[in-house]
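> Sharing a structure with you now.
Number of protein chains: 2
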Amino acid sequence: MTKRGQGKPAGLSRERIAAAAVDLVDRQGLESFGVRRLASELGVDPMSIYNHIKGKAALLDAISEAVLAEVSATAAQWPDDWTDIALTMARGYRDMAIRHPRIFPLLATRAQTSAVAFEALERLTTAMRRAGIADQTIADAPLVLFGFLNGYLLATLSTDPGEAGDPAMGATQPAFDPALYPTMAALAPLQAGFGGEAEFERMLETVLVGIAAGATRPQVRQQ
Amino acid sequence: MTKRGQGKPAGLSRERIAAAAVDLVDRQGLESFGVRRLASELGVDPMSIYNHIKGKAALLDAISEAVLAEVSATAAQWPDDWTDIALTMARGYRDMAIRHPRIFPLLATRAQTSAVAFEALERLTTAMRRAGIADQTIADAPLVLFGFLNGYLLATLSTDPGEAGDPAMGATQPAFDPALYPTMAALAPLQAGFGGEAEFERMLETVLVGIAAGATRPQVRQQ
DNA sequence: GGCCTACTACCTACACCGTAAGTATTACCT
DNA sequence: AGGTAATACTTACGGTGTAGGTAGTAGGCC
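Residue numbers (the numbering used here), protein chains in the order written: chain A, 5 to 227; chain B, 5 to 227.
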């Protein structure tokens with residue numbers, strides 16, 4: 005009794021698996037994602053995936069790597085000024101996060117050590133050096149910028165309308181009492197564009213201004 | 005045939021469960037955390053937990069809420085100047101993150117809507133208003149500051165030495181090639197204190213300088 | 001052409017997970 | 001004391017990640 009197609013190559017590869025995984029997480033979310041779901045999506049036995057990717061953790065790595073590669077693929081050309089480079093990178097990063105809101109937590113949580121990540125940082129830091137910025141400021145810039153980007157995008161994209169639990173027992177209360185927090189209530193209208201483009205540009209500029217302020221810092225303060 | 009102690013109260017409560025859960029995640033990490041493990045830790049049947057907390061998601065909410073409450077409990081007194089308030093909050097937040105590095109991803113990922121979170125933001129924003137800062141800058145400040153804090157702490161605490169996969173198939177490569185990224189390599193010595201206190205203070209000041217630069221901004225740029 | 005080897009897809013099985021539904025026991029209030 | 005609500009518990013189901021073993025094919029070598 006010969007089984008269906010045992011031994012015959014099903015055309016699997018690391019890239020094809022990663023692409024299907026990205027698509028699946030985009031559609032169904034991280035919670036329900038799993039090796040078995042992905043395999044049935046590919047029309048393949050779950051264990052076949054393990055021949056190309058070592059385990060679920062490596063699979064998640066592949067997903068975040070594939071999605072991160074989109075960013076540098078999107079930007080066709082890079083400017084010369086470091087500020088423009090930072091702006092272009094930040095906007096492309098945000099666009100990617102908006103395209104894949106359910107994948108983004110993976111990127112923010114895992115350390116990024118892929119080649120595309122290093123290339124981006126190399127591009128930014130060389131431009132900053134060309135501009136004569138203080139070395140310590142340059143060395144700090146990537147972590148400040150992407151720290152902010154990760155935290156900000158995580159916060160603005162985390163409103164996943166996938167499930168709604170019973171508010172009686174859970175800890176989620178959407179709104180707050182204006183009487184208890186009057187200043188916050190007064191400021192609420194100015195926070196209306198939460199997650200919007202104008203807000204992002206404002207906050208991005210805030211961070212870049214802070215970085216630029218350290219441009220001529222001669223020495224680290226302590227140590 | 006009478007079973008062991010059916011119906012007899014085991015002294016469970018939401019706080020006791022949350023405290024045990026915090027302790028367990030601190031010791032064993034988020035990956036292996038589960039309702040059953042927690043129950044056996046408490047010497048209790050898994051389903052008993054559901055009488056106090058609705059499900060695993062609510063359990064994670066309780067964990068992050070309990071840990072977040074530590075921050076305001078630590079700070080005994082709050083300064084008047086908004087910069088000092090921000091510094092105190094940021095340092096207390098970082099101390100908490102360092103105490104619970106495996107829990108912190110929960111905080112950064114989930115939207116924080118607990119009372120302690122609102123109180124902290126109310127304190128910061130009122131102090132900023134007292135200082136006469138532009139309203140839009142005040143409204144943006146929480147998201148800029150905590151966006152940075154979450155992203156930065158996520159990056160610096162994510163080096164979890166719990167498991168080490170085979171680097172042949174996985175996507176993790178710890179170091180990079182100095183020949184490919186010369187600027188990054190030249191800057192590497194200045195990034196030696198990764199995750200350290202001096203680095204944190206530097207970057208925190210960078211962000212606060214950026215926020216302070218918008219203090220007198222009269223109007224939002226567009227819209 | 002015939003054979004051998006390396007590769008890969010596949011199946012089975014195991015231990016574990018979250019939790020819905022139902023039952024038995026206790027504590028509290030009248 | 002009696003009734004009622006609360007709560008600890010048991011069972012069971014459909015799911016998960018993945019270790020181990022098997023069967024089939026493709027390509028190099030004589």
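Cβ atoms here follow ideal geometry from the backbone N, Cα and C, with glycine treated the same way.
Using 8 angstroms as the threshold, is the C-beta distance between Asp85 (chain B) and Ala131 (chain B) below it?
A contact, by the Cβ cut-off of 8 angstroms.
> By alpha-carbon positions, which one of B:Ala115, B:Gln116, B:Ala90 ends up nearest to Glu209 (chain B)?
Looking at the Cα atoms, B:Ala90 is the closest of the given residues.
> Taking the CB atoms as reference points, tell me whether Leu72 (chain B) and Ser118 (chain B) lie closer together than 8 angstroms.
Yes, the pair counts as a contact, with Cβ atoms nearer than the cut-off.
> For Ala101 (chain B), which of B:Asp139, B:Ala70, B:Ile57 has the nearest alpha-carbon?
Checking every option, the nearest Cα to that of Ala101 (chain B) belongs to B:Ala70.
> Closer than 8 angstroms, Cβ to any Cβ of chain A: which residues of the segment 26 to 59 of chain B, in chain order?
Result list: Ile57, Lys58, Gly59.
> For Phe204 (chain B), tell me which candidate among B:Ala217, B:Thr187, B:Leu149, B:Ala216 has the shortest Cα-Cα distance.
Among B:Ala217, B:Thr187, B:Leu149, B:Ala216, the Cα nearest to that of Phe204 (chain B) is on B:Leu149.
> Starting from the beta carbon of Glu74 (chain B), find every residue of chain A whose beta carbon is closer than 8 angstroms, and list them in chain order.
Per Cβ cutoff of 8 angstroms: no residues; Glu74 (chain B) is ~16 angstroms from chain A at best.
> By DSSP, does Leu110 (chain B) sit in helix, in strand, or in coil?
Note: Leu110 (chain B) maps to helix in three-state DSSP.
> How many angstroms separate the CA atom of Ala196 (chain A) from the CA atom of Ala190 (chain A)?
Each residue's Cα considered, the two are about 12 angstroms apart.
> Alpha carbon to alpha carbon, how far is Leu111 (chain A) from Lys58 (chain A)? Give it in angstroms, no decimals.
Taking the straight line joining both Cα atoms gives about 19 angstroms.
> Find the residues of chain B that neighbour Arg20 (chain A), judging by a C-beta separation of less than 8 angstroms, and give them in chain order.
Under the 8 angstroms cutoff, chain B gives no residues; its nearest Cβ is about 16 angstroms from Arg20 (chain A).
> For Ala190 (chain B), name the three-state secondary structure that DSSP assigns.
It is helical.
> Looking only at C-alpha atoms, which of B:Pro109, B:Phe122, B:Gln140 sits nearest to Leu161 (chain B)?
That would be B:Pro109, whose Cα lies nearest to the Cα of Leu161 (chain B).
> Under 8 angstroms, do Leu16 (chain A) and Val48 (chain A) count as touching if we go by C-beta distance?
Result yes, Cβ atoms of Leu16 (chain A) and Val48 (chain A) sit closer than 8 angstroms.
> Listing by chain order, which chain A residues have their CB less than 8 angstroms from the CB of Met207 (chain B)?
Those within 8 angstroms of Met207 (chain B) in chain A are Asp144, Leu147, Val148, Gly151.
> For a contact meaning CB atoms closer than 9 angstroms, what does Gly96 (chain A) contact in chain B?
Near Gly96 (chain A) there are no residues of chain B at all, since even the closest Cβ is about 17 angstroms away, more than 9 angstroms.
> Quick one: residues in its chain with C-beta nearer than 7 angstroms to the C-beta of Arg133 (chain B), no 5 flanking neighbours on either side, listed in chain order?
Result list for Arg133 (chain B): Ile142, in chain order.
> Could you tell me which whole alpha helix (DSSP H) segments of length 4 or greater appear in the segment 116 to 162 of chain A?
List check, alpha helix (DSSP H) in window: 119 to 134, 139 to 161.
> For Ala216 (chain B), count neighbouring C-beta atoms within 10 Å of its own C-beta (all shown protein chains included) and say buried if the count is 16 or more, exposed if not.
So Ala216 (chain B) ends up on the buried side.
> Using DSSP with H/G/I as helix, E/B as strand and the rest coil, what is Val48 (chain A)?
Here Val48 (chain A) sits in coil by DSSP.
> Considering only the alpha carbon of each residue, which of A:Lys60, A:Val213, A:Ser68, A:Leu63 lies closest to Arg103 (chain A)?
When each option's Cα is compared against that of Arg103 (chain A), the closest is A:Ser68.
> Determine, for Val213 (chain A), whether the minimum Cβ-Cβ distance to residues of chain B falls below 8 angstroms.
For Val213 (chain A), the answer is yes, since a Cβ of chain B falls inside 8 angstroms of its Cβ.
> In the DSSP assignment, the alpha helix (DSSP H) including Gln32 (chain A) goes from what residue to what residue?
Segment 18 to 32, the alpha helix (DSSP H) holding Gln32 (chain A).
> Look at the alpha carbon of Ser76 (chain B) and the alpha carbon of Val120 (chain B), and state the distance between them as a whole number of angstroms.
C-alpha separation (whole angstroms): 7 angstroms.
> Express the C-alpha separation of Gly96 (chain B) and Val39 (chain B) in angstroms, rounding to a whole number.
So the alpha carbons of these two residues sit roughly 30 angstroms apart.
> Of the choices B:Leu128, B:Arg206, B:Ala23, whose alpha-carbon is the least far from that of Thr87 (chain B)?
With distances taken between Cα atoms, Thr87 (chain B) lies closest to B:Leu128.
> Just how far apart, CA to CA, sit Val211 (chain B) and Ser44 (chain A)?
Using only the alpha carbons, I get a separation of about 47 angstroms.
> Which of the three DSSP states, helix, strand or coil, is assigned to Glu69 (chain B)?
In this structure, Glu69 (chain B) counts as helix in the three-state DSSP scheme.
> Return the Cβ separation of Arg155 (chain A) and Leu153 (chain B) in integer angstroms, given the expectation that the two are a contact with Cβ distance under 8 angstroms.
Before going on, a small fix: residue 155 (chain A) reads as Gly here, not Arg. Gly155 (chain A) to Leu153 (chain B), Cβ: 7 angstroms. Contact.
> Where does the unbroken alpha helix (DSSP H) through Phe198 (chain A) begin, and where does it stop?
Note, Phe198 (chain A): premise wrong, no alpha helix (DSSP H); not H, not E.
> In or out: Met4 (chain A) buried (at least 16 other Cβ within 10 Å) or exposed?
The displayed coordinates of chain A run from 5 to 227. Any statement about residue 4 (chain A) would go beyond what the structure contains.
> Does the beta-carbon distance from Asp30 (chain A) to Arg106 (chain A) come in below 8 angstroms?
A contact, by the Cβ cut-off of 8 angstroms.
> Counting C-beta neighbours from all protein chains within 10 Å, is the total for Pro178 (chain A) 16 or more, i.e. buried, or is it exposed?
Low local confidence applies: a pLDDT of 48 at Pro178 (chain A) is under 50, so the model's placement there is unreliable, and no value is given.
> Rounding to the nearest angstrom, what Cα-Cα distance links His56 (chain B) and Trp82 (chain B) in this structure?
Whole-angstrom Cα-Cα distance: 34 angstroms.
> Assign Asp85 (chain B) to one of three DSSP states: helix, strand, or coil.
In the structure shown, Asp85 (chain B) sits in coil (DSSP, three-state: anything other than H, G, I, E or B).
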